[in-house]
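J.:
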Amino acid sequence: MTKGRSTTWQERIDIVLYCLANQHDCQKAAKEHKVSYLQVYQWVKKFEDGGEDALQDGWGKKKALEELTETDLQKLEIKKMKYEMERLRAENAFLKKLQELERRRH
Numbered sequence: 019m020t021k022g023r024s025t026t027w028q029e030r031i032d033i034v035l036y037c038l039a040n041q042h043d044c045q046k047a048a049k050e051h052k053v054s055y056l057q058v059y060q061w062v063k064k065f066e067d068g069g070e071d072a073l074q075d076g077w078g079k080k081k082a083l084e085e086l087t088e089t090d091l092q093k094l095e096i097k098k099m100k101y102e103m104e105r106l107r108a109e110n111a112f113l114k115k116l117q118e119l120e121r122r123r124h
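Residue numbers (the working numbering): 19 to 124.
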């Protein structure tokens, strides 16, 4: 089995087209282009369902604030609140430890 490698959007399109031109032979496409079979299979499915744009790499891309649904906005707010609570807990624990150390010194 070939280990996957990073590919560009154009490479993914070329690999999918190669696979489709060879009767959906994902194994042959994977060997020819030195990528994993599973990755080729997934790209072909995405391509068939959504075209070339479905092969775009979406890692690390966030939706614009205007694109978020009400549920997404609520989840984001909860996430921010949890982060702030954790930060305050850490700050509180630090201050308690600092006070304890100062008491021991005196």
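Think of the CB as a built atom: it goes at the ideal place given N, C-alpha and C, for glycine as much as any other residue.
Fair warning: this is a prediction, and the values are worked out from it, not measured in the lab.
#1: If you draw a straight line from the C-alpha of residue 91 to the C-alpha of residue 97, how long is it?
#2: Mind checking residue 73: buried by the 16 CB within 10 Å criterion, or exposed?
#3: Closest to residue 36 by C-alpha separation, out of 60, 83 and 51, would be which residue?
#4: In three-state terms, what does DSSP make of residue 98?
#5: What separation, rounded to the nearest whole angstrom, lies between the Cα atoms of residue 38 and residue 55?
#6: How big is the Cα-Cα spacing for residue 123 and residue 82?
#7: Just how far apart, CA to CA, sit residue 95 and residue 47?
#8: DSSP on residue 39, reduced to helix/strand/coil?
T.: Reading off the structure:
#1: 10 angstroms
#2: buried
#3: 51
#4: helix
#5: 14 angstroms
#6: 52 angstroms
#7: 44 angstroms
#8: helix
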